[in-house]
Amino acid sequence: MPKNSVVFSEERCKGCELCVTACPKQIIRMGEHINTKGFHPATIVDPEKCIGCAFCARMCPDMVIEIHRE
Amino acid sequence: MPKNSVVFSEERCKGCELCVTACPKQIIRMGEHINTKGFHPATIVDPEKCIGCAFCARMCPDMVIEIHRE
Amino acid sequence: MGELVLMKGNEAVAESAIRAGCRFFAGYPITPQNEIPEYMSRRMFEVGGQFIQAESEVSAINMIYGASGAGARCMTSSSSPGISLKQEGISYIAGAELPCVIVNMVRGGPGLGGIQPAQSDYFQATKGGGHGDYRLLVLAPASIQEAVDLTALAFDLADKYRNPVMILADATLGQAMEPVEFRHQAPDKLPAKPWATTGMKGRSPNIINSLYLIPEELEKHNLRLRDKYEAMKRDEVRYETSHLQDAEVVVVAYGTSARIARTAMEKARAEGLKVGMIRPISLFPFPTEAFDKAVKAGIREFLTIEMSTGQMVEDVRLATNGQAEVRFYGRVGGVLPVRDEIIAQLRKFTGGRCC
Amino acid sequence: MGELVLMKGNEAVAESAIRAGCRFFAGYPITPQNEIPEYMSRRMFEVGGQFIQAESEVSAINMIYGASGAGARCMTSSSSPGISLKQEGISYIAGAELPCVIVNMVRGGPGLGGIQPAQSDYFQATKGGGHGDYRLLVLAPASIQEAVDLTALAFDLADKYRNPVMILADATLGQAMEPVEFRHQAPDKLPAKPWATTGMKGRSPNIINSLYLIPEELEKHNLRLRDKYEAMKRDEVRYETSHLQDAEVVVVAYGTSARIARTAMEKARAEGLKVGMIRPISLFPFPTEAFDKAVKAGIREFLTIEMSTGQMVEDVRLATNGQAEVRFYGRVGGVLPVRDEIIAQLRKFTGGRCC
Amino acid sequence: MTHEVIMAGFGGQGVMLVGQLLAYSGMLEGKKVSWMPSYGPEMRGGTANCSVVVSGEEVGSPVVSEPTAVIIMNRPSLDKFEGKVVKGGVLIINSSLVDRQVQRGDVTVIEVPANDIATELGDVRVANMVALGALIQATGAVKKESVLKALRKVLPERRHHLLPMNEAALDKGIGLAQQ
Amino acid sequence: MTHEVIMAGFGGQGVMLVGQLLAYSGMLEGKKVSWMPSYGPEMRGGTANCSVVVSGEEVGSPVVSEPTAVIIMNRPSLDKFEGKVVKGGVLIINSSLVDRQVQRGDVTVIEVPANDIATELGDVRVANMVALGALIQATGAVKKESVLKALRKVLPERRHHLLPMNEAALDKGIGLAQQ
Amino acid sequence: MQVIAKRPMALTDVPTHYCPGCTHGIIHRLVAEAIDELGLNEKTIGVAPVGCAVLAYKYFNVDMHEASHGRAPAVATGIKRVLPENIVFTYQGDGDLASIGTAEIVHAAARGENITVIFVNNAIYGMTGGQMAPTTLIGQRTTTSPDGRMVERAGYPVRVSEMLSTLDGAAYIARVAVTDPANVNKAKKAVLKAFRTQVERKGFALVELLSTCPTNWGLSPREAIDWLKESMMAYYPLGVFKDTTGEGETK
Amino acid sequence: MQVIAKRPMALTDVPTHYCPGCTHGIIHRLVAEAIDELGLNEKTIGVAPVGCAVLAYKYFNVDMHEASHGRAPAVATGIKRVLPENIVFTYQGDGDLASIGTAEIVHAAARGENITVIFVNNAIYGMTGGQMAPTTLIGQRTTTSPDGRMVERAGYPVRVSEMLSTLDGAAYIARVAVTDPANVNKAKKAVLKAFRTQVERKGFALVELLSTCPTNWGLSPREAIDWLKESMMAYYPLGVFKDTTGEGETK
Ligand SMILES: Cc1ncc(C[n+]2csc(CCOP(=O)(O)OP(=O)(O)O)c2C)c(N)n1
Ligand SMILES: Cc1ncc(C[n+]2csc(CCOP(=O)(O)OP(=O)(O)O)c2C)c(N)n1
Ligand code: SF4
Ligand code: SF4
Ligand code: SF4
Ligand code: SF4
Ligand code: SF4
Ligand code: SF4
Ligand SMILES: [Mg+2]
Ligand SMILES: [Mg+2]
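Chains as they are written, first to last, in the numbering used here: chain A, 1 to 70; chain B, 1 to 70; chain C, 1 to 355; chain D, 1 to 355; chain E, 1 to 179; chain F, 1 to 179; chain G, 1 to 251; chain H, 1 to 251.
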């Protein structure tokens with residue numbers, strides 16, 4: 001299975017959780033900490049489970065998520 | 001057959017001839033003379049043929065025609 | 001006497017209108033006056049009136065045109081770009097001699113500009129932003145209490161003159177909260193409007209109209225309107241003066257900038273500068289008489305403060321008619337003048353001569 | 001030098017615009033300027049330009065906003081009520097600093113008013129009928145030939161200052177025919193517009209905008225605009241004077257009323273009255289310097305003639321600044337002043353002192 | 001000399017056109033000219049008139065209020081303009097349609113049965129040219145040659161076959177005014 | 001004495017509300033007051049602040065540019081307003097969220113861990129009341145009783161059960177400022 | 001003696017300024033007859049447009065309000081909201097309603113404003129001398145489409161009735177034509193229905209009447225009627241496009 | 001290494017001012033992707049509205065023109081007529097397009113103006129703080145319909161796509177929603193098609209995108225998506241309402 005790298009630009013995240021809902025693998029969670037804008041940023045918790053479907057990125061309104069397949 | 005009186009207020013007539021077209025009995029003609037507005041006014045030529053259908057009045061844009069049945 | 005309540009300027013104006021008997025409001029959202037339509041959307045139906053969020057400012061002013069013609073006390077409100085869109089309608093209402101109240105909570109321009117306070121719509125309000133020879137009565141409150149009081153007055157003046165009245169305030173007064181008291185109540189019986197289109201029962205048709213195809217008739221109409229505006233100039237001048245007895249320089253300002261100018265005057269006087277103040281409350285009619293008196297009293301220096309690049313200053317110049325030096329200091333684009341800047345300007349005047 | 005042709009003012013203005021390189025016109029029918037869009041609808045496509053009959057004046061001015069942003073020489077025309085509707089758009093165009101030409105063939109107002117000539121939109125044109133601190137360059141032709149020449153100039157000035165220019169004429173000039181000669185030709189190469197939105201090929205994006213949310217930035221923008229208007233006041237004043245050398249009273253008039261005022265001046269002089277004349281051609285910037293000079297030369301009496309209840313007279317008062325007596329005589333509503341009425345007014349001035 | 005002329009009649013009688021022709025002729029003679037229309041409030045069929053100024057000096061008001069000459073093509077126009085013409089001025093009356101006499105004694109009145117003459121010439125629409133002929137003869141505002149030159153410029157090529165009839169009409173008018 | 005106060009923080013920290021409360025309290029004491037909001041260009045989540053003036057005299061500008069006291073609920077607000085407070089003025093710092101020290105030495109700085117205290121009291125949303133308590137204690141702008149009276153007027157009946165928690169928060173703030 | 005045809009009471013005795021054969025006059029009469037028949041003379045307020053019918057305030061013998069160009073529906077809204085017991089109608093041309101007044105008519109309909117709209121579609125701007133209207137047919141010559149309306153330059157004619165029928169607030173929308181006695185009678189029924197809809201508080205009602213402009217079409221009145229039948233009716237089919245009045249009160 | 005998701009070139013690197021979870025951001029990306037994919041970056045001119053997207057000129061990495069409120073279609077018309085070889089799109093909210101800009105959008109469509117309109121319908125005025133829009137649903141609470149939109153007071157919501165589809169000048173009109181990845185992909189296809197329609201000179205194309213306004217709806221971003229699905233999609237059905245692009249050039 002190809003490896004997908006899902007990179008979140010934390011500082012741009014507004015914590016809306018739309019990516020969380022979108023992820024079919026349920027591997028995105030909101031971080032405990034807050035970024036300088038005052039939001040809990042989303043992060044991926046089980047990166048190896050990622051299937052690279054990009055649903056998260058399709059739903060992210062803020063261009064937080066970049067995905068590469070290696 | 002009832003008698004219909006079709007009265008034209010000549011001075012209001014603008015000579016458009018819409019009444020002429022509308023009359024099923026073809027008894028309306030344009031006068032030779034002109035009224036003070038400069039138009040040839042419509043008149044009824046064969047009043048006794050009139051069936052009182054009021055088509056002429058329905059089509060007259062200028063409230064020239066009044067029709068009574070006696 | 002009512003109780004003091006802390007209220008946003010926008011809401012206070014809206015409530016004041018309702019208490020003055022306003023029963024029809026049409027408007028369109030625009031910052032910084034949204035609280036007026038929002039308040040109206042809650043309150044109007046409670047008092048049996050009607051609120052409409054129109055599809056545009058153009059439509060709103062024409063709804064007012066209709067409602068006013070039908071005899072209602074009515075109001076619309078907007079802010080600068082929206083007021084520009086209303087100009088044709090305002091000209092019609094003035095031309096048809098109908099009463100209504102128009103609120104402009106001015107923001108920075110031109111174009112989309114900004115949403116912060118400005119006074120750059122003075123010309124538009126006072127000289128007629130629309131076409132043709134007409135005038136609005138323009139009232140400029142400097143506090144929320146005054147906004148409340150002038151709004152009530154506006155309805156009475158509108159009916160008295162059958163003319164639109166504009167409340168010219170700005171984003172500061174719209175957005176700020178201050179204590180207010182509602183001192184007036186809707187008169188039991190509003191003035192009769194026998195000219196209104198209410199159905200011709202028992203009379204011949206009433207016609208609301210601004211068209212006069214025959215030049216001589218239009219001229220007569222224009223001259224009648226002019227006479228009305230002259231009557232306003234005679235009877236509806238409103239202003240406030242301070243310290244003119246001993247003033248060597250007079251600061252002139254209206255609305256929000258007048259509040260700041262007043263603090264500047266006070267501090268400057270504390271520092272020994274002989275500063276007085278004229279605060280126009282009616283912008284049309286402009287309080288020329290205040291300047292006449294000041295000039296007659298020997299005052300030769302005026303400093304006009306505006307949140308614009310200089311508009312009312314022209315009326316100050318006209319009012320002083322070359323008999324005094326008139327200077328201007330302005331901040332623009334949403335920036336408020338600051339007390340100490342004004343004092344610095346005053347010092348430029350009185351620099352050489354005073355303590 | 002072109003041939004003399006007898007042309008309606010409206011058509012002459014349209015043809016002049018085409019020759020000045022105007023390649024986009026959007027307008028909406030309104031009497032008395034319909035021949036402008038009608039002419040454009042025939043001519044524009046011949047020269048590879050575009051004509052659109054917009055759905056309204058509001059839309060037309062915004063089409064101009066777009067076309068101008070895209071780099072075209074463009075024009076819209078209307079008459080009073082339609083110009084009122086354009087005020088928001090004009091304020092945007094001024095705010096975004098775009099060039100365009102706007103023609104107002106003024107008719108009687110307010111409201112629907114009439115369709116006959118008037119000069120009652122002077123305030124709207126010169127003081128900004130729209131919101132915010134902006135100015136139009138306003139040019140007022142007094143003959144069809146001058147309308148042709150000023151229209152050509154208008155396009156150059158618009159590009160030079162990146163500012164809307166208004167041709168303020170009236171129904172007389174629009175409807176009348178006079179001989180005209182087209183003296184100018186579209187420059188081979190129009191001024192480059194590197195700021196235009198033409199696609200960002202080989203450069204970073206261009207943005208046309210009038211929004212400045214941060215007050216300090218909007219203030220900077222406002223001050224830059226003000227400086228531009230000051231430059232216009234310095235460099236773009238246009239006027240014509242007659243007989244100021246020996247004049248005791250000066251008649252001041254622009255456009256159609258200036259033609260009539262001139263005949264009055266000539267007749268009055270023939271009758272021995274020492275009358276001179278100042279005819280402002282640029283209304284903004286107002287030719288203050290002409291009045292300065294006249295006042296310096298000792299002239300103490302000015303009679304302003306307008307087809308309004310008195311608008312330009314305020315600028316005359318400002319320009320003379322209390323140094324002279326300024327009187328006003330106007331006809332309104334579509335009525336033109338008559339030569340002998342003007343002479344009667346002049347006599348009131350000079351009554352006591354002259355032959 | 002400044003000629004301030006009004007031409008008035010029903011819409012359709014060609015008063016606007018003949019006014020433009022006069023202005024054009026004046027322009028061809030190097031004079032200052034203006035033409036200005038005026039319509040009644042009716043959409044069609046009302047009366048219309050135009051003002052024409054032909055002068056050696058710059059034209060003041062293109063709207064003539066005290067005409068030096070008036071072409072009157074119908075009765076309502078006589079009622080409207082008889083009182084306005086200056087003392088010593090000229091009234092050209094289309095006697096085919098105007099059914100009353102001129103009251104004023106201080107003006108030159110020239111009656112031309114313009115419609116009748118035009119009908120004789122083959123087209124009632126050249127009645128306006130008959131009146132114009134009388135006008136230029138009576139006032140000397142422009143020369144006949146200028147009118148013909150102007151006509152050739154104003155009429156589209158494909159209508160040039162109408163020139164002779166127009167010239168004939170003009171001549172008739174001139175002839176009547178000479179009498 | 002004229003108190004010109006700014007209250008600044010993230011949207012959602014209740015700075016607008018607590019500002020209105022201060023203005024209301026001043027009004028109840030018969031003072032001249034004003035409240036003026038200011039929002040950033042962000043739609044939500046940006047910083048927001050309001051100006052409150054409480055004075056014996058008519059209020060000049062409702063927009064405060066040189067505050068006599070500032071409540072600073074987050075770090076960006078410190079960066080923005082530290083330089084603006086007048087010499088000898090008061091800075092109330094929400095030390096729960098502000099992660100740096102005040103640089104200026106010419107002002108009175110009162111640090112209150114407002115969020116922590118509020119959370120302890122049961123609702124982080126009363127952090128603003130903690131800060132207000134410190135402010136009124138440090139400046140004497142209004143009396144505690146006035147704030148409580150104002151709160152009773154401002155809070156809808158159905159929320160009056162929250163009054164004790166708010167009073168407790170206010171007291172905490174007052175206490176911290178007394179130290 | 002029985003009266004078969006005479007001036008309705010809701011028309012004044014003033015002769016109109018309309019051109020010979022202009023069917024504005026017929027439409028005026030139909031509106032006046034409807035007002036008479038429903039007995040609304042003393043409670044009706046008419047809103048005149050800017051267009052050839054600008055002087056309608058002189059012709060209708062009821063209270064009248066002369067609106068600004070295109071804004072009659074907004075003016076009518078203001079009146080009706082203030083005087084809900086009165087009857088308010090607008091009388092508008094196609095330039096007025098379908099061009100500059102597009103937003104106002106769409107939103108009056110969307111709001112289900114309880115007014116009656118008489119929409120006179122003559123495919124041209126009559127009053128200003130014959131410019132193209134949004135309703136001008138493809139190929140039709142006007143003073144601003146001198147070579148005939150071309151799609152590439154000016155797009156397609158707008159079918160107002162069809163467009164407004166998509167709005168839930170519209171209760172009754174019909175298109176009729178005043179070409180001959182039969183159609184005039186149908187037109188009359190539609191106008192009556194549009195007033196009745198308001199009387200019964202059923203919401204927004206609009207009748208689009210195809211009308212002639214002999215003057216600006218460059219045709220005789222009779223030819224104009226023929227052109228209307230052949231060309232206009234082909235693009236603008238007659239019929240009732242919306243009628244929710246049977247379904248109970250929409251407003 | 002293969003890129004599966006990244007910022008399109010037609011977006012600048014500037015973080016937006018939109019509220020958390022506001023789907024304006026998604027729509028921006030779809031538009032930018034379409035521009036990238038069709039290679040239009042150097043010839044596109046975008047027209048920003050007055051609405052929450054007023055700052056779109058900072059976000060789209062193409063030439064941009066900030067229009068006045070509601071007039072974006074007129075501004076776009078001016079640009080496109082002057083530069084017919086360029087690609088011009090407007091980006092408009094529902095207040096902007098369906099309220100104040102009604103006349104401009106109707107007539108741009110009627111003219112078959114060869115532009116692309118991105119219409120973001122969030123059933124509210126976002127930027128000004130949540131007032132009622134013409135698209136606000138019956139019963140929906142806003143700051144100017146505090147008790148929920150009532151038919152008697154404010155009439156019915158306007159279905160813009162359906163209304164514009166009655167116009168012959170409209171070539172492509174579709175309604176989509178950005179509720180989930182599948183719908184986002186469909187939305188993307190519609191946006192692409194709307195740009196392609198212009199590239200191929202087939203006339204006026206509009207995509208109505210149902211979008212959320214969590215802030216003014218008073219919902220969390222996720223709840224907002226749910227409300228959009230349940231309430232908005234019930235009144236505003238998704239689908240292609242008009243597509244004449246297969247029939248050859250309409251303009
Ligand atoms: C704001 C404004 N724009 C334009 C006009 C000029 N105008 C008067 S009537 C009219 C159009 C009339 O056409 P229509 O509505 O179709 O009515 P019709 O005359 O054909 O009956 C126009 C454009 C105006 N009076 N006001
Ligand atoms: C002429 C004018 N009227 C009103 C406004 C105020 N205004 C700004 S945005 C807006 C509405 C925005 O709503 P919408 O178009 O739905 O966009 P959204 O913010 O919801 O995306 C309004 C009314 C304005 N700027 N100009
Ligand atoms: S790419 Fe798909 S599986 Fe991977 S994190 Fe995103 S949504 Fe989840
Ligand atoms: S969708 Fe984007 S902005 Fe929202 S939580 Fe996920 S990464 Fe953050
Ligand atoms: S009533 Fe009928 S038959 Fe009689 S004249 Fe009229 S149309 Fe002819
Ligand atoms: S229809 Fe009327 S106006 Fe026309 S000719 Fe007949 S009577 Fe005269
Ligand atoms: S111009 Fe046309 S619409 Fe107007 S009155 Fe004449 S025929 Fe009728
Ligand atoms: S207010 Fe609504 S539409 Fe505007 S950015 Fe916030 S969520 Fe989006
Ligand atoms: Mg029409
Ligand atoms: Mg919206």
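Here a beta-carbon is modelled for each residue, glycine too, at the ideal position from N, C-alpha and C.
Cut-off 7 Å between Cβ atoms - residues of its own chain near H/Ala-154, not counting five sequence neighbours on either side:
Taking the eighth sequence and counting its residues from 1, one reaches residue 154 of chain H at position 154. For H/Ala-154, where only same-chain residues beyond five positions count, the Cβ hits under 7 Å are Met-132 and Ser-145.
Going by beta-carbon coordinates alone, are D/Tyr-28 and G/Ile-100 separated by less than 9 Å?
Taking the fourth sequence and counting its residues from 1, one reaches residue 28 of chain D at position 28. Taking the seventh sequence and counting its residues from 1, one reaches residue 100 of chain G at position 100. Yes.
In chain H, what lies closer than 9 Å to G/Leu-206 by C-beta?
Along the seventh sequence, read from residue 1 onward, the residue named residue 206 of chain G stands at position 206. What G/Leu-206 touches in chain H: nothing, since even the nearest Cβ is about 15 Å away.
Continuous beta strand (DSSP E) stretch holding C/Met-75: start and end
If you number the third sequence from 1, residue 75 of chain C lands on position 75. In this chain, the beta strand (DSSP E) harbouring C/Met-75 covers 74-78.
Closer than 7 Å by C-beta to G/Gln-198: which residues in its own chain qualify, once you throw out the five before and the five after it? Chain order, please.
Walking along the seventh sequence from the start, residue 198 of chain G turns up at place 198. These residues qualify, in order along the chain: Ile-87, Asn-114, Ile-115, Thr-116 and Ala-205.
Other residues of its chain near C/Ile-299: CB distance less than 8 Å, five sequence neighbours each side excluded:
Your numbering for residue 299 of chain C matches position 299 in the third sequence. Here the set comprises Leu-244, Ala-247, Glu-248, Val-249, Val-250, Gly-276 and Ala-324.
Give the single residue among H/Gly-21, H/Thr-44, H/Lys-188 and H/Leu-38 whose Cα lies nearest to the Cα of H/Glu-85.
Position 85 of the eighth sequence, counting from 1, holds the residue named residue 85 of chain H. Looking at the Cα atoms, H/Thr-44 is the closest of the given residues.
State the CB to CB distance for the pair G/Leu-192 and G/Ala-109, rounded to an integer number of angstroms; the pair is presumed to be in contact (CB under 8 Å).
Here residue 192 of chain G is taken as the residue at index 192 of the seventh sequence, counted from 1. Here residue 109 of chain G is taken as the residue at index 109 of the seventh sequence, counted from 1. Not quite, the Cβ-Cβ distance comes to about 20 Å (not below 8 Å), so this is no contact.
Could you tell me if D/Lys-193 is buried or exposed, where buried requires 16 or more neighbouring beta carbons within 10 angstroms of its beta carbon?
The residue given as residue 193 of chain D occupies position 193 in the fourth sequence. Under this definition D/Lys-193 is a buried residue.
Residues sharing a beta bridge with F/Ile-72, DSSP:
Taking the sixth sequence and counting its residues from 1, one reaches residue 72 of chain F at position 72. F/Ala-8 and F/Ile-93.
What does the Cβ neighbour count give for D/Met-307, buried or exposed, with the cut at 16 atoms within 10 Å?
For the purposes of this step, residue 307 of chain D is identified with residue 307 of the fourth sequence, where counting begins at 1. Result: buried.
In DSSP terms, what E/Trp-35 is bridged to:
Locating residue 35 of chain E in the fifth sequence gives position 35, where the first residue counts as 1. For E/Trp-35, which the question treats as bridged, DSSP gives the partners D/Met-177 and E/Val-52.
Let me know the secondary structure DSSP gives C/Glu-325 once reduced to three states.
Here residue 325 of chain C corresponds to residue number 325 of the third sequence, with the count starting at 1. Reduced to three states, the DSSP call for C/Glu-325 is strand.
What residues match up with C/Arg-107 in a beta bridge as DSSP calls it?
For the purposes of this step, residue 107 of chain C is identified with residue 107 of the third sequence, where counting begins at 1. According to DSSP, which records beta bridges pairwise, C/Arg-107 is partnered with C/Pro-117.
Run through DSSP, which three-state label would C/Gly-351 get?
As a first step, residue 351 of chain C is located in the third sequence; it is residue number 351 there, counting from the start. Only weak support is given to the placement of C/Gly-351: the predicted model assigns it a pLDDT of 49, under 50, and the value that follows is read from those uncertain coordinates. In the structure shown, C/Gly-351 sits in coil (DSSP, three-state: anything other than H, G, I, E or B).
Residues in the same chain with beta-carbon distance under 6 Å from G/Ala-74, minus the five sequence neighbours each way, listed in chain order, please.
Sequence index remark: in the seventh sequence, residue 74 of chain G carries index 74 (1-based). Counting only Cβ-Cβ distances below 6 Å, and skipping sequence neighbours, we find Glu-104.
Measure from the alpha carbon of C/Gly-111 to the alpha carbon of each residue in D/Ser-91, D/Val-101 and D/Leu-98, then state which is nearest.
As a working mapping, residue 111 of chain C is identified with position 111 in the third sequence. For C/Gly-111, the closest C-alpha among the options D/Ser-91, D/Val-101 and D/Leu-98 is that of D/Ser-91.
Would the beta-carbon of D/Val-106 fall within 9 Å of that of D/Ser-84?
Position 106 of the fourth sequence, counted from the first residue, corresponds to residue 106 of chain D. Position 84 of the fourth sequence, counted from the first residue, corresponds to residue 84 of chain D. No, Cβ-Cβ distance for D/Val-106 and D/Ser-84 is not below 9 Å.
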